[in-house]
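Undergrad: Numbering (this note's numbering), first residue to last: 218 to 467.
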């Protein structure tokens with residue numbers, strides 16, 4: 218007689234923290250899609266490389282797929298709510314007196330060179346401890362896409378540094394990179410995360426990680442990604458990172 222099929226391990230129970238986090242991720246993915254769509258419109262208006270424009274539009278589709286999969290994970294965790302989006306955050310702001318190329322450069326550096334660059338190691342760590350199939354499929358897709366999103370940001374910055382307004386972009390990055398890093402640290406490593414080094418095993422199985430771990434990953438990203446990538450383009454990321462009042466870098 219054939220041996221009985223092995224029983225699947227029971228799925229980890231989903232806590233309220235799991236549902237809250239995956240619903241937050243739905244919101245974040247919609248916001249990323251909207252911001253990228255807005256940035257891509259600016260790139261069209263600036264007449265940049267069509268390849269970059271197509272890359273931006275592809276990222277919008279990626280982010281919408283991430284939102285759909287994140288919502289499916291939220292539902293698998295027992296979530297019932299529909300996402301309520303903060304509409305005022307679904308776009309980019311620009312001072313009308315500022316040249317469009319500077320507004321686009323600012324958004325590209327902060328959203329992609331900073332945000333999407335650190336997203337790669339963040340999602341890698343989230344994925345490593347994730348064993349719930351629906352959550353793991355979502356994180357697999359997000360991690361695969363984030364690598365391309367990161368590369369888009371650095372390609373866009375390189376493109377701007379080759380255009381006639383490159384000196385203006387350099388001055389902007391030098392002046393505003395410290396504040397950008399400050400916002401990044403406050404987002405991922407707020408004081409409330411200090412000492413919070415553990416979470417329940419069930420939450421880890423659903424793709425969560427301890428709050429303090431985020432700050433550790435940001436600090437490592439400075440050494441492994443930000444410093445060498447910015448240095449290759451003539452910027453001092455270490456100085457910029459440390460010149461702002463630090464967040465919690467546990």
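We put the CB at the ideal spot given by N, CA and C, even for glycine.
Compare the Cα-Cα distances from residue 319 to each of 260, 298 and 339 and report the closest residue.
TA: Nearest option by C-alpha distance: 260.
Undergrad: Can you tell me where the alpha helix (DSSP H) holding residue 297 begins and where it ends?
TA: Here residue 297 belongs to no alpha helix (DSSP H), and DSSP marks it neither H nor E.
Undergrad: So, under 8 angstroms CB-CB, residue 485 and residue 237 are touching, yes? Tell me the CB distance rounded to an integer number of Å.
TA: Summary: the structure shown does not reach residue 485, with the chain confined to residues 218 through 467, and so no result is reported for it.
Undergrad: Less than 8 angstroms between the CB atoms is what I'm expecting for residue 329 and residue 369, so what's the real figure, rounded?
TA: Sure, about 6 angstroms apart at Cβ, within 8 angstroms.
Undergrad: Using 8 angstroms as the cut-off, can you tell me whether the region 344-354 makes contact with the region 240-254, which would need three or more C-beta pairs spanning the two stretches below that distance?
TA: These segments do not touch.
Undergrad: So residue 277 packs on residue 290, CB below 8 angstroms; how close in whole Å?
TA: About 21 angstroms separates the two Cβ atoms, so there is no contact after all.
Undergrad: Please report how far the alpha carbon of residue 267 lies from the alpha carbon of residue 376, in whole angstroms.
TA: Straight-line Cα distance between these residues: approximately 12 angstroms.
Undergrad: Run through DSSP, which three-state label would residue 409 get?
TA: Here residue 409 sits in helix by DSSP.
Undergrad: Please identify the residue among 232, 233, 283 and 397 whose C-alpha is closest to the C-alpha of residue 456.
TA: The residue with the shortest Cα to Cα distance from residue 456 is 397.
Undergrad: Would you kindly work out how many angstroms separate the C-alpha atoms of residue 232 and residue 432, rounded to a whole number?
TA: Rounded to the nearest angstrom, the two C-alpha atoms are 23 angstroms apart.
Undergrad: Report buried or exposed for residue 363, applying the criterion of at least 16 other Cβ atoms within 10 angstroms of its Cβ.
TA: Label assigned to residue 363: buried.
Undergrad: Of all the CB atoms in chain B, is at least one closer than 7 angstroms to the CB of residue 406?
TA: Of the chains in the structure shown, none is chain B; there is only one protein chain.
Undergrad: State buried or exposed for residue 299, treating a residue as buried only when at least 16 other CB atoms are found within 10 Å of its CB.
TA: Looking at its Cβ environment, which holds fewer than 16 other Cβ atoms inside 10 Å, residue 299 is exposed.
Undergrad: Classify residue 448: buried if its beta carbon has 16 or more other beta carbons within 10 angstroms, exposed otherwise.
TA: The residue in question, residue 448, is exposed, as its Cβ has fewer than 16 Cβ neighbours within 10 Å.
Undergrad: What number of angstroms, rounded off, separates the C-alpha of residue 337 from the C-alpha of residue 360?
TA: Each residue's alpha carbon lies about 6 angstroms from the other.
Undergrad: Going along the chain, which residues of its own chain have a beta-carbon closer than 6 angstroms to the beta-carbon of residue 469, five neighbours each way excluded?
TA: The question about residue 469 has no answer here: the residues shown for the chain are numbered 218 through 467.
Undergrad: Decide if residue 313 is buried, meaning its Cβ has at least 16 other Cβ atoms within 10 Å, or exposed.
TA: Exposed is the call here.
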